Amino acid sequence: MAVSRRNFCGLVAFTPIALSAVTAPASATTERRPVVKLFSSNAPAEALSSTMAARVLPSDAVTMAPGNYLFAGQGFDCNRAGLYRFWDGGSSPIQSRLVMTKGGLYEFISGASWHHEHGTEDEQADFQAMANAGRTHKWRLRCGYIAGLMVWMLPQFGYQARKINLLTREERNGVDDGHIIFEVFHENKWKAWDLTNGVYFTLNGKHLSAAEIIDAGVLNCTRVRLDADDRYGASVAGKFCLGSYVDMMMNTPEEVDAWFARIFQSWSVG
85 MAVSRRNFCG
95 LVAFTPIALS
105 AVTAPASATT
115 ERRPVVKLFS
125 SNAPAEALSS
135 TMAARVLPSD
145 AVTMAPGNYL
155 FAGQGFDCNR
165 AGLYRFWDGG
175 SSPIQSRLVM
185 TKGGLYEFIS
195 GASWHHEHGT
205 EDEQADFQAM
215 ANAGRTHKWR
225 LRCGYIAGLM
235 VWMLPQFGYQ
245 ARKINLLTRE
255 ERNGVDDGHI
265 IFEVFHENKW
275 KAWDLTNGVY
285 FTLNGKHLSA
295 AEIIDAGVLN
305 CTRVRLDADD
315 RYGASVAGKF
325 CLGSYVDMMM
335 NTPEEVDAWF
345 ARIFQSWSVG
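Here it is in structure tokens:
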């Protein structure tokens with residue numbers, strides 16, 4: 085089962101566990117063994133017992149259907165929802181693919197959260213191209229772009245989704261006055277997800293919408309981690325570097341709480 089650890093916010097996060105590859109025949113020479121990991125809040129899938137039932141890993145999209153896939157000559161069971169990463173043990177780019185299954189919304193979004201950090205390098209108008217940039221590296225996107233990408237992607241799996249604009253009611257400073265997250269209509273209600281921070285919000289075990297978070301007071305809600313990533317990379321030269329900002333302004337639990345309290349004050353559908 086998944087192993088949990090604490091992140092810088094003191095919140096529970098899940099550590100990925102490696103999937104075992106099919107054992108190769110003994111050889112006089114040492115061969116590189118592929119490494120495949122499932123990143124999600126569920127237990128990892130297990131390796132296939134045979135490569136005969138596996139299909140070739142798709143190369144044209146960042147998402148793939150559940151199934152058994154062939155990678156580096158070995159078969160792997162990729163029938164659970166989440167993010168799969170495939171490494172051949174050498175210098176080739178690590179391949180990443182997201183899988184959605186029936187009932188796998190939380191695992192899919194957890195995988196997307198694992199695969200995102202703040203940045204600008206992958207931002208573009210074409211959502212398909214933006215999504216596919218994630219085949220060989222983490223998406224580097226600002227909040228509006230990662231929220232927009234999820235709102236574009238999730239309806240392909242039958243989910244209704246929308247972007248949510250958050251705005252402070254305090255004096256504006258031109259830097260951290262607002263934020264963009266997204267909501268998914270699930271189990272007869274809207275549920276909010278913040279992939280920039282890698283969290284969703286609950287109160288008494290109930291997953292909340294943006295309106296419910298603000299009504300309850302964000303600091304009265306539990307922030308549930310979607311991943312074990314610190315989330316914040318440096319942006320390219322000439323762009324606002326969120327990594328530096330976080331080091332300066334969100335380096336303690338108290339500073340993180342202050343940021344959430346400032347931002348989660350009003351909301352609108354965007």
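Okay, so the sequence shown: first residue is 85 according to the working numbering, each after it adds one. Built from N, CA and C at the ideal position, the CB exists for glycine as well. All figures in this text were calculated on a predicted structure; none of them were measured in a lab.
Asked, Found
"L225 beta carbon less than 7 Å from that of E207", "yes"
"Beta-carbon gap between L154 and A138 smaller than 7 Å", "yes"
"Cβ neighbours of V353 in the same chain (closer than 8 Å, five flanking residues each side left out)", "R246, K247, I248 and N249"
"Opening and closing residue of the beta strand (DSSP E) in which D341 lies", "Here D341 belongs to no beta strand (DSSP E); instead the alpha helix (DSSP H) covers P337 to I347."
"Expected contact under 8 Å - CB spacing of Q349 and T252 to nearest Å", "5 Å"
"Beta-carbon gap between T220 and P177 smaller than 7 Å", "yes"
"Range covered by the beta strand (DSSP E) that runs through A137", "First-last for A137: undefined, no H or E at that position."
"Buried or exposed (CB count within 10 angstroms, at least 16 for buried), N257", "exposed"
"DSSP three-state assignment for Q240, whether helix, strand or coil", "helix"
"Residue range of the unbroken beta strand (DSSP E) whose run includes I264", "G262 to H270"
"Backbone CA spacing between A196 and G203 [nearest angstrom]", "15 Å"
"Option in P118, S194 and H200 with minimal Cα separation from F160", "P118"
"Selection from Q179, P142 and D144 that minimises the alpha carbon distance to V120", "Q179"
"Where A217 sits in the DSSP three-state scheme", "helix"
"Beta-carbon contacts of D261 that lie in its chain and below 7 Å, excluding the five residues immediately before and after", "L251 and T252"
"Opposing strand residues paired with T306 [DSSP bridges]", "T286"
"Three-state secondary structure assigned by DSSP to A129", "Bear in mind that the predicted position of A129 carries a pLDDT of just 44, short of 50, making it too unreliable to give a figure here."
"CB of E205 within 7 Å of CB of G166, strictly", "no"
"Pair within 7 Å by beta-carbon distance, I265 and A213", "no"
"Exposure label - S194; buried when at least 16 CB within 10 Å", "buried"
"Other residues of its chain near M141: CB distance less than 8 Å, five sequence neighbours each side excluded", "Checking the sequence shown, residue 141 turns out to be Leu, not Met. Once the five neighbours on either side are set aside, the close Cβ partners of L141 are M148, Y153, L154, F155, F170, Q179 and R181."
"Residues bridged to W274 (per DSSP)", "F269"
"Per-residue burial, Q240 [other beta carbons within 10 Å of its own, 16 or more giving buried]", "exposed"
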